[in-house]
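Here the structure is laid out as structure tokens; the discussion comes afterwards.
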Amino acid sequence: MPMRRTTPTTAPYGTWPSPLSADALAGSAIAFADLVVDGDDVLWIQQEARLQGRGAVMRHSPGGGVTQLTPDDFNARTRVHEYGGGALAAGHGVVLACSWADQRVHRIVHGRTEPVTPAPATPAGIRWQAMRILPGGGAFVAVRETHGPDRPRSNPNVHGAEEAVNELVRVDLATGSVTVLDTGSDFVGGPWLSPSGRRIAWLRWDHPHMPWDTAALWVADLADDGLRDATHVAGGDSAVSEARWLDDQRLAFTDDASGWWNVHLWDGERVTRLHDEPVDAGTPRWQPGTDRIAPLGGRLYVAVIDAGLMHVRDLGEPPETSPTATPASSTPIDLDGIASIQCLDVAGDRLVAIAGGPATPNAVIAIDPTARTTAPLSTVQDDPAAAIGATPRPISFPTPDGATAHALHYPPTSRTHVGPPDEAPPLVVLSHGGPTGGARAALNPTAQYWASRGFAVVDVNYRGSAGYGRAFRDALKGSWGIHDVTDCVAAATHLVAEGHADGDRLIIEGGSAGGYTTLMALCTTDVFAAGGNSFGVSDLRALATDTHKFESRYLDSLIGPWPEEEARYVERSPITHVDRLTTPTIVLQGDEDAVVPPSQSEVIVDALRRRGLPHAYLLFAGEQHGFRQAANIARAFEARLAFYGRVLGFDPADDIDLPEFVPGTASG
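Residues in the sequence shown are numbered consecutively from 578, following the working numbering.
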């Protein structure tokens, strides 16, 4: 008997019932990070609701399935650069992880953990990142970040305050003794060990640059007592993003000297580019653990970003020495459902990755590049966001000042409801963080949440976003708060002109740098009917003087040198323009945020209160820069939905309230 089709119910946009509740979204989400390989074993850090957002170390062994190596109360996470990353290491039978509680490196044995690095003079005063275990398993190299009285040397910043010291070090696991390998630069990155462990590669960069502006690649011979014959290979004027030893002589790495992060080869004497293509094989180095160069079966594979989408490419057989000519292109390897690849590595005879797509939740997977197939390694769970099925449409659109920007457009999506034929949907404009980041075609629970309730969504890759080459990335220099705002507005008006959005019901929201763009758009334009600011920057002067070391000079390029350009910092700060703010806004903030502290949000809330505008403010206890606790994530979604419904005049189908809502008192 044929199945009867159900006629969709017509209902106003924004009021559709959704199978994706905020609780389900927050409770089912699993985050993966720090993929590492030890022989055929694949290990990673996994965050999920059952552990209240703590990072558990997981291992997949052939024939043995997935096991959790750390106890439930252990949180594998580091605070280096405040953004962390690189908290896990495995090799030669040794597993190490950084503990969030004390920031020390712990050895993991039979479900137990024991610290192997010295206790700092002050709690969490010594932090570790990107550990690489040496052959034999008796020592590791790592990035060490030292704060407070443990600092090995004076390191004042431009404001006269003492900054943390970042160094490349070697640690003996038996004694805990530390040998400093490289010191003196403001930052170090990597490191990467050759197969024998006798050679090492690492990155160096200095204030005021960020690692995607300029990062120099160095190599040296590695001995127990230090480095020998250190050599500068590439970068400095350009930015090297990552490296991978093919053997003890050849080093593959990504460098954007051509304007794109293409893969290069150093043979010990010369450097040559291995492909000449307008794709980015590198990524902004906010955190380690995102390397994407993988040698397998005599061939070299790399994950690239091409027109905002990601896939694996085959670069062929890497030559024994740097070639005299650069091949024009590589061979794309399309993998069904995969459009976002967080990292790429090799385990045994297969590629492994953390990857996903618009309807495929992120997972740890194995890849057969010949058959072009994938298989899950992590435990696969149904993700309710994947069931929604809102598929992003890559778009490019003109900006009023003659540039071109990019975005991913999600239409309203429901199996049971449609909007009125004479009505266009409200639009949620998503402004990503960074701002040197990017909107990707991974499964986006935020977009699925809004689309399933009858909202259109556009995730904007404004000028400054990564994945479109260096020129596009550099276009935001000196123009933060201008080009990003212009491009977000242009994305919205472009979709309105195409009939995909209601121009009277435009919403903009974002977190961190995306929150800053959101606030600037709300304070300097009259395009949006509502806004959602999550831990966004409101006062650039405070950010320039009070933020952590990694980003303390970031604004030199985005705004101008501090304090010489203080007037520009004032002009580009949302608090300078709050007298123009007429848009109802909801503000979300973590009370332990060291990157954008609560004071940055509270000045906006005070301004909304003074101006008599409808607003809401939610301060989440125990949250840092970005929310990790499932209950808080769910509450943040529900609060925004209730707030937008109250402001735009519709009743969401969800049974939620917004007790923090402050109605407007302004007239006119």
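Heads up, the beta-carbon is just placed ideally off N, CA and C, and yes, glycines get one too.
Contact check, residue i vs residue j under 8 angstroms by CB: the rounded distance?
{"i": "A707", "j": "T860", "result": "That pair is no contact at about 15 angstroms."}
{"i": "A967", "j": "Q1025", "result": "5 angstroms"}
{"i": "R730", "j": "V742", "result": "6 angstroms"}
{"i": "P896", "j": "H852", "result": "Not quite, the Cβ-Cβ distance comes to about 13 angstroms (not below 8 angstroms), so this is no contact."}
{"i": "V817", "j": "L794", "result": "4 angstroms"}
{"i": "P1003", "j": "F1032", "result": "5 angstroms"}
{"i": "P1255", "j": "R1030", "result": "This structure does not reach residue 1255, given that the chain is present from 578 up to 1245, and the question cannot be answered."}
Have a look at the options and flag the residue whose alpha-carbon is nearest the alpha-carbon of residue i.
{"i": "A678", "options": "G668, D650, H637", "result": "D650"}
{"i": "F717", "options": "G1087, L1195, D802, L1185", "result": "D802"}
{"i": "V613", "options": "P648, A674, P1022", "result": "A674"}
{"i": "Y987", "options": "P961, T976, D978, T1023", "result": "T1023"}
{"i": "G630", "options": "E1200, W782, D922, S1150", "result": "E1200"}
{"i": "G753", "options": "T808, A696, R1212", "result": "A696"}
{"i": "T808", "options": "D759, S818, H888, W1139", "result": "D759"}
{"i": "H724", "options": "H1125, F1049, G662", "result": "H1125"}
{"i": "P865", "options": "L1195, T1153, E659", "result": "E659"}
{"i": "G813", "options": "A792, A829, A820", "result": "A792"}
{"i": "H683", "options": "V657, P700, G661, A653", "result": "A653"}
{"i": "H687", "options": "E1179, R636, R656", "result": "R636"}
{"i": "I942", "options": "I915, I710, A1074", "result": "I915"}
{"i": "R728", "options": "L985, Q645, T699, A797", "result": "T699"}
{"i": "V735", "options": "A980, D783, G661, E1086", "result": "D783"}
Suppose the cutoff is 6 angstroms on Cβ atoms and the five residues either side in sequence are ignored; what does the same chain contact list for residue i look like?
{"i": "H1009", "result": "A1016, G1091"}
{"i": "M578", "result": "Confidence at M578 is low in this model, with a pLDDT of 47, below 50, so the placement of that residue should be treated as unreliable; the coordinate-derived value is given next. Same-chain partners within the cutoff: there are none."}
{"i": "Q1255", "result": "No answer is possible for residue 1255: it lies beyond the span of the chain, which begins at 578 and ends at 1245."}
{"i": "A848", "result": "The residue you asked about is not Ala; residue 848 is Val in the sequence shown. Taken in chain order, the residues that qualify are A811, H841."}
{"i": "L1196", "result": "Q1166, D1168"}
{"i": "D1234", "result": "none"}
{"i": "A626", "result": "G604, A1207"}
{"i": "L1241", "result": "Position check: residue 1241 holds Gly in this sequence, whereas Leu was assumed. Excluding residues within five positions, the ones whose Cβ falls inside 6 angstroms are G1189, L1190, P1191."}
{"i": "D749", "result": "A716"}
What's the gap between the Cα of residue i and the Cα of residue j?
{"i": "Y590", "j": "E1000", "result": "8 angstroms"}
{"i": "G1245", "j": "G933", "result": "For G1245, the predicted structure reports a pLDDT of 40, less than 50, and the residue's modelled location is therefore unreliable. The matter cannot be settled from this model."}
{"i": "C920", "j": "A930", "result": "5 angstroms"}
{"i": "I703", "j": "D1156", "result": "44 angstroms"}
{"i": "D945", "j": "T951", "result": "6 angstroms"}
{"i": "T1094", "j": "V1147", "result": "15 angstroms"}
{"i": "V634", "j": "L665", "result": "8 angstroms"}
{"i": "E744", "j": "D868", "result": "20 angstroms"}
{"i": "H1192", "j": "A940", "result": "38 angstroms"}
{"i": "F609", "j": "S899", "result": "35 angstroms"}
{"i": "R1130", "j": "V1224", "result": "38 angstroms"}
{"i": "G641", "j": "L954", "result": "11 angstroms"}
{"i": "L597", "j": "G668", "result": "40 angstroms"}
{"i": "L873", "j": "T1153", "result": "55 angstroms"}
{"i": "A588", "j": "M887", "result": "36 angstroms"}
{"i": "R1118", "j": "E1142", "result": "10 angstroms"}
{"i": "D1081", "j": "G661", "result": "40 angstroms"}
{"i": "G1217", "j": "T1013", "result": "Checking the sequence shown, residue 1217 turns out to be Arg, not Gly. Approximately 25 angstroms between the Cα atoms of the pair."}
{"i": "L577", "j": "L711", "result": "Nothing about residue 577 can be read from this structure; the chain reaches only from 578 to 1245."}
CB-CB under 8 angstroms to residue i, same chain, minus the five flanking residues each way: which ones, in chain order?
{"i": "S1134", "result": "P785, H786, M787, D790, K1054, G1055"}
{"i": "G1226", "result": "none"}
Measure the CB-CB distance between residue i and residue j and report whether it falls below 7 angstroms.
{"i": "G714", "j": "V671", "result": "yes"}
{"i": "V1268", "j": "A1067", "result": "The question about residue 1268 has no answer, for the chain in this structure spans 578 to 1245."}
{"i": "N732", "j": "E739", "result": "yes"}
{"i": "T990", "j": "P585", "result": "no"}
{"i": "L1158", "j": "C1100", "result": "yes"}
{"i": "W837", "j": "P855", "result": "yes"}
{"i": "G525", "j": "I1181", "result": "The chain is shown from 578 up to 1245; residue 525 falls before or after that span and cannot be answered."}
{"i": "G690", "j": "R681", "result": "Gly is not the amino acid found at residue 690; the sequence shown has Thr there. Their beta carbons are not under 7 angstroms apart, which means T690 does not touch R681 by this criterion."}
{"i": "P1140", "j": "M1097", "result": "no"}
{"i": "D781", "j": "V765", "result": "Residue 781 is actually Arg in this sequence, not Asp. A contact, by the Cβ cut-off of 7 angstroms."}
{"i": "F1112", "j": "V1173", "result": "yes"}
{"i": "A871", "j": "D922", "result": "yes"}
{"i": "R827", "j": "P768", "result": "no"}
{"i": "S1246", "j": "W822", "result": "Because the chain here runs from 578 to 1245, residue 1246 falls outside it and cannot be looked at."}
Leaving out the 5 sequence neighbours to the left and right, which residues in its chain are closer than 7 angstroms to residue i when beta-carbon positions are compared?
{"i": "A963", "result": "A936, T937, P938, L1020"}
{"i": "D1258", "result": "Since the first residue of the chain shown is 578 and the last is 1245, residue 1258 is not available in this structure."}
{"i": "G1046", "result": "G836, W837, P855, D857"}
{"i": "R949", "result": "I910, D911, L912"}
{"i": "F1204", "result": "G1167, F1197, I1210, A1213"}
{"i": "H1060", "result": "Y1039, R1040, G1041, A1052, L1053"}
Is any heavy atom of the ligand NAP found at a distance shorter than 6 angstroms from the C-beta of residue i?
{"i": "A633", "result": "For the ligand NAP, the structure offers nothing, since it holds no ligand at all."}
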